[in-house]
Amino acid sequence: MVSRLRNCAPLFRFCQKLNRVKTLQDDMMETSLKRCLTTVDLALLGVGGMVGSGLYVLTGTVAKQTAGPAVVISFLIAGLASLLAAFCYAEFGARVPRTGSAYMFTYISVGEIWAFLIGWNVILEYMIGGAAVARAWSGYLDSIFNHSIKNFTETHIIQWNVPFIAHYPDLLAAGILLVATAFISFGAKVSSWLNHLFSAISLAIILFILIFGFILAEPANWSKAQGGFAPYGISGILAGTATCFYAFVGFDVISASSEEAKNPQKAVPIATAISLALAASAYILVSTVLTLMVPWHSLDPDSALSDAFYRRGYSWAGFIVAIGSICAMNTVLLSNLFSLPRIVYAMAEDGLFFKVFARVNPVTKVPVVAIIVFGILMAILALVFDLEALVQFLSIGTLLAYTFVAASVIVLRFQAEKTRSSPSGQPPGSPSARECDEPKEYESFSDKLQLVELQKKAKERREPGQLKAAFEPYLKFLTDFEPGEVVTISVVAMMVCAICLCAVLVFGNGQLHLPSWSFILLTILSAAGFLASLFFIWVHEQQPNLKTFQVPLVPFIPGFSILMNVFLMLKLSPMTWIRFSVWLVVGLLVYFGYGIWHSKENLQEPKPCNVAARYVVLPSGSLVETVQAVQPDPQDAMGQVETPEDNHEKR
Numbered sequence: 001m002v003s004r005l006r007n008c009a010p011l012f013r014f015c016q017k018l019n020r021v022k023t024l025q026d027d028m029m030e031t032s033l034k035r036c037l038t039t040v041d042l043a044l045l046g047v048g049g050m051v052g053s054g055l056y057v058l059t060g061t062v063a064k065q066t067a068g069p070a071v072v073i074s075f076l077i078a079g080l081a082s083l084l085a086a087f088c089y090a091e092f093g094a095r096v097p098r099t100g101s102a103y104m105f106t107y108i109s110v111g112e113i114w115a116f117l118i119g120w121n122v123i124l125e126y127m128i129g130g131a132a133v134a135r136a137w138s139g140y141l142d143s144i145f146n147h148s149i150k151n152f153t154e155t156h157i158i159q160w161n162v163p164f165i166a167h168y169p170d171l172l173a174a175g176i177l178l179v180a181t182a183f184i185s186f187g188a189k190v191s192s193w194l195n196h197l198f199s200a201i202s203l204a205i206i207l208f209i210l211i212f213g214f215i216l217a218e219p220a221n222w223s224k225a226q227g228g229f230a231p232y233g234i235s236g237i238l239a240g241t242a243t244c245f246y247a248f249v250g251f252d253v254i255s256a257s258s259e260e261a262k263n264p265q266k267a268v269p270i271a272t273a274i275s276l277a278l279a280a281s282a283y284i285l286v287s288t289v290l291t292l293m294v295p296w297h298s299l300d301p302d303s304a305l306s307d308a309f310y311r312r313g314y315s316w317a318g319f320i321v322a323i324g325s326i327c328a329m330n331t332v333l334l335s336n337l338f339s340l341p342r343i344v345y346a347m348a349e350d351g352l353f354f355k356v357f358a359r360v361n362p363v364t365k366v367p368v369v370a371i372i373v374f375g376i377l378m379a380i381l382a383l384v385f386d387l388e389a390l391v392q393f394l395s396i397g398t399l400l401a402y403t404f405v406a407a408s409v410i411v412l413r414f415q416a417e418k419t420r421s422s423p424s425g426q427p428p429g430s431p432s433a434r435e436c437d438e439p440k441e442y443e444s445f446s447d448k449l450q451l452v453e454l455q456k457k458a459k460e461r462r463e464p465g466q467l468k469a470a471f472e473p474y475l476k477f478l479t480d481f482e483p484g485e486v487v488t489i490s491v492v493a494m495m496v497c498a499i500c501l502c503a504v505l506v507f508g509n510g511q512l513h514l515p516s517w518s519f520i521l522l523t524i525l526s527a528a529g530f531l532a533s534l535f536f537i538w539v540h541e542q543q544p545n546l547k548t549f550q551v552p553l554v555p556f557i558p559g560f561s562i563l564m565n566v567f568l569m570l571k572l573s574p575m576t577w578i579r580f581s582v583w584l585v586v587g588l589l590v591y592f593g594y595g596i597w598h599s600k601e602n603l604q605e606p607k608p609c610n611v612a613a614r615y616v617v618l619p620s621g622s623l624v625e626t627v628q629a630v631q632p633d634p635q636d637a638m639g640q641v642e643t644p645e646d647n648h649e650k651r
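Under full-length UniProt numbering, the first residue of the sequence shown carries the number 1, and numbering increases by one thereafter.
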């Protein structure tokens, strides 16, 4: 038996390495980046990340093909669902004001390998998202000039007939990305002012669309004669909600910028709330105006707003809408290029990615190497691949990041605070951490009695992760676990139940062809397991209220955010999952080939323990003074140091 345990020891240590968590600095505000962003800067970055081409394209597409005028309800539900994820990001961004967003949040609460995989997938999401927006920007501008740019490129430069890539190189899309990369490299404040400019123009044009659109509104377009308000019923509204949810992806740029915020504890939650409220209002009001101006079934999905004004006899307004669309796409482009290098920088700074990307320009205070390299890679993607091939891969990494951030909020809320003096991966209350605490001297007997009282009070006070006193008589079987252990197990069980429940709902009547009784039984069992996991988490003590923003109703809000994200992930196409798996394998090669060996947490060594004296309280309540040996100096004689066996105990 002993030999088997010894054989398992290397595997146990390897698993500990994979799941070690990041040790936070004592001063969270200390950074090599420049803290120069205000609440307004962060809010406009968030608005720019969310209100893009979707406002001009997605509203018409969902209204005509999925929900009808009830697209208004779809955007409202999607906005509320996004609020659940935004709450989790706001808490972490205020509590841990470091760049890295979902990667950093997962690293400090769940573990290293999970954090790396989240960061690795978010990198791909930002690269593809930026390239797709650049292609859309180029195509929109080209359509204004009657596709003359595309025709010139195919005729006079080059045309490809290769599968999986575009028919011609989009030089305009690659060019705009390189220009934007140059501006981003000038510093956070320059990027912010550029985003201010495009956001102001975009918001002014949205205001014009709303005022002029409501003047031209005809309530008859929502009447039964035109199909009614919800022609596709409840199922159409819910299907539209799943599509509209992706319109709100982009608020995480705020938490990714928290290391450059002047006062992140206040700015991050406020900016998140403001940006989400503005984005949701814009989507809801514009979709209302659009479906009131013209009948929903006659909308042009490719250019719904421009076409609506044209059909009402105001073709000049279509030109203003086109300017607004281009400005909105510019803000999304800047948001992607702003966030991506900072996540790469955070991973490189922790040693999980190549160290060259952690270099910060001494003048502009930005990770200039990461900005230039990934800006060029994004331009190459936009040059070679077409929009359809890029968009198919979007969303899975973002939804996975949302899921892990929500789980991280639960885990961290029911964990004791970690201090930098503790060895890596051990809470401060563990024996090894206590052994390394600096000893205190108590000169009088009253000091010793005071120590006894303090330790008795500490024993009575319940730590985060312990079972609440009110539930002890009913849940005695949970009292044998270590603080936080039941919560961790319950979070894993909750995620498994969420996957089972969503799989039954998505595939039960379709691919799996389950009979009715089996479908109902599996749904009830999965839902019961999910709710039971939430209950077992809730009956434990949380950390006391902090001065920074906290998600309300934990674990219920993060739990239902996880359920929604898993449901949307399972709705994605099988090809998306295959591509995702390939990218995941590449990421694991990078991690095991480089990251695991160069991780800062791997290089940290626990400090040696130098204990001279300590008072220990015995179970009986008496006080014991122990004098323990310190490590001998090589030059000292062996006889000058007491051994542990010679300790003197005094009652």
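Just so it is clear, CB atoms sit at the ideal spot from N, CA and C, and this is done for glycine as well.
Quick caveat, the model's predicted, so the values are computed rather than measured.
Alpha carbon to alpha carbon, how far is residue j from residue i? Give it in angstroms, no decimals.
i, j, result
"Thr479", "Glu472", "7 Å"
"Pro169", "Gly175", "11 Å"
"Met280", "Ala528", "Looking at the sequence shown, residue 280 is not Met but Ala. Roughly 33 Å between the two C-alpha positions."
"Ser432", "Thr488", "For Ser432, the predicted structure reports a pLDDT of 44, less than 50, and the residue's modelled location is therefore unreliable. A value from the coordinates is still provided. Distance between the alpha carbons of Ser432 and Thr488: 22 Å."
"Phe183", "Trp137", "18 Å"
"Gln415", "Gln542", "8 Å"
"residue 656", "Leu521", "Within the shown structure, residues of the chain are numbered from 1 to 651, placing residue 656 beyond reach of any answer."
"Ile323", "Gly236", "31 Å"
"Tyr140", "Ile274", "29 Å"
"Phe14", "Gly111", "13 Å"
"Ile410", "Glu463", "15 Å"
"Glu349", "Tyr474", "47 Å"
"residue 656", "Asp307", "The structure shown has nothing for residue 656, since the chain only spans 1 to 651."
"Ala498", "Thr39", "36 Å"
"Val627", "Met28", "Confidence is the limiting factor: at Val627 the pLDDT is only 45, short of 50, which leaves the residue's position unreliable and the question unanswerable from this model."
"Ile211", "Phe251", "26 Å"
"Ala256", "Ile343", "7 Å"
"Gln16", "Lys355", "24 Å"
"Ser148", "Leu340", "33 Å"
"Gly227", "Thr272", "37 Å"
"Leu381", "Ala247", "22 Å"
"Phe353", "Ala370", "11 Å"
"Glu259", "Tyr107", "16 Å"
"Ile562", "Leu83", "13 Å"
Could you tell me which of the options sits nearest to residue i, measuring between CA atoms?
i, options, result
"Asn195", "Leu42, Phe208, Glu91, Arg342", "Leu42"
"Ala180", "Leu399, Gly351, Asn336, Phe519", "Asn336"
"Leu44", "Ser199, Trp160, Leu512, Tyr89", "Ser199"
"Val405", "Asp26, Gln25, Ala304, Cys88", "Cys88"
"Ile134", "Leu570, Phe229, Met378, Leu352", "Correcting the residue identity first, residue 134 is Ala in this sequence and not Ile. Checked all of Leu570, Phe229, Met378, Leu352; the closest Cα to Ala134 is Met378."
"Ala537", "Ile113, Phe567, Trp577, Ala493", "The sequence as given places Ile at residue 537; Ala does not occur at that position. That would be Ala493, whose Cα lies nearest to the Cα of Ile537."
"Val590", "Gly351, Phe477, Met495, Leu58", "Gly351"
"Asn412", "Ala470, Val491, Lys224, Leu203", "The sequence shown places Leu at residue 412, rather than the Asn named in the question. Ranking Ala470, Val491, Lys224, Leu203 by Cα distance to Leu412 puts Val491 first."
"Ala470", "Phe535, Val539, Ser518, Met495", "Val539"
"Leu76", "Leu197, Ile284, His167", "Ile284"
For the alpha helix (DSSP H) that contains residue i, what are its first and last residues?
i, result
"Tyr314", "Tyr314 -> no alpha helix (DSSP H), and no H or E assigned at all."
"Pro264", "264–293"
"Arg135", "112–144"
"Arg579", "574–590"
"Arg95", "71–95"
"Glu601", "600–603"
"Pro558", "556–570"
"Ala498", "485–507"
"Gly50", "Reading off the sequence shown, one finds Met at residue 50, where the question assumed Gly. Counting along the chain, the alpha helix (DSSP H) containing Met50 begins and ends at 39–50."
"Cys36", "Per DSSP, Cys36 belongs to no alpha helix (DSSP H) and is neither H nor E."
"Ala532", "516–538"
"Tyr402", "396–413"
Cβ of residue i versus every heavy atom of the ligand FMN: is any distance shorter than 7 Å?
i, result
"Phe309", "For the ligand FMN, the structure offers nothing, since it holds no ligand at all."
Does the segment 121–128 come into contact with the segment 289–299, if we say contact requires no fewer than three beta-carbon pairs (one atom in each stretch) closer than 8 Å? no
Between the segment 362–371 and the segment 111–125, are three or more C-beta pairs nearer than 8 Å? no
Using 8 Å as the Cβ pair cut-off and three pairs as the minimum, do the segment 235–245 and the segment 63–73 touch? yes
Indicate whether the contact test is met: 3 or more Cβ pairs, each with one atom in the segment 9–19 and one in the segment 86–103, closer than 8 Å. no
Does the segment 306–313 come into contact with the segment 102–119, if we say contact requires no fewer than three beta-carbon pairs (one atom in each stretch) closer than 8 Å? no
Taking contact to mean at least 3 C-beta pairs separated by less than 8 Å, is the segment 263–279 in contact with the segment 34–41? yes
Could you check whether the segment 591–604 touches the segment 14–31, counting it as contact only if at least three pairs of C-beta atoms, one from each stretch, sit closer than 8 Å? yes
Three or more beta-carbon pairs under 8 Å between the segment 50–57 and the segment 323–336, yes or no? yes
Where in the segment 181–226 do unbroken runs of the alpha helix (DSSP H), each at least 4 residues long, occur, reported from the N-terminal end onward? 188–215
Could you tell me whether the segment 99–108 touches the segment 283–292, using the rule of 3 or more Cβ pairs below 8 Å? no
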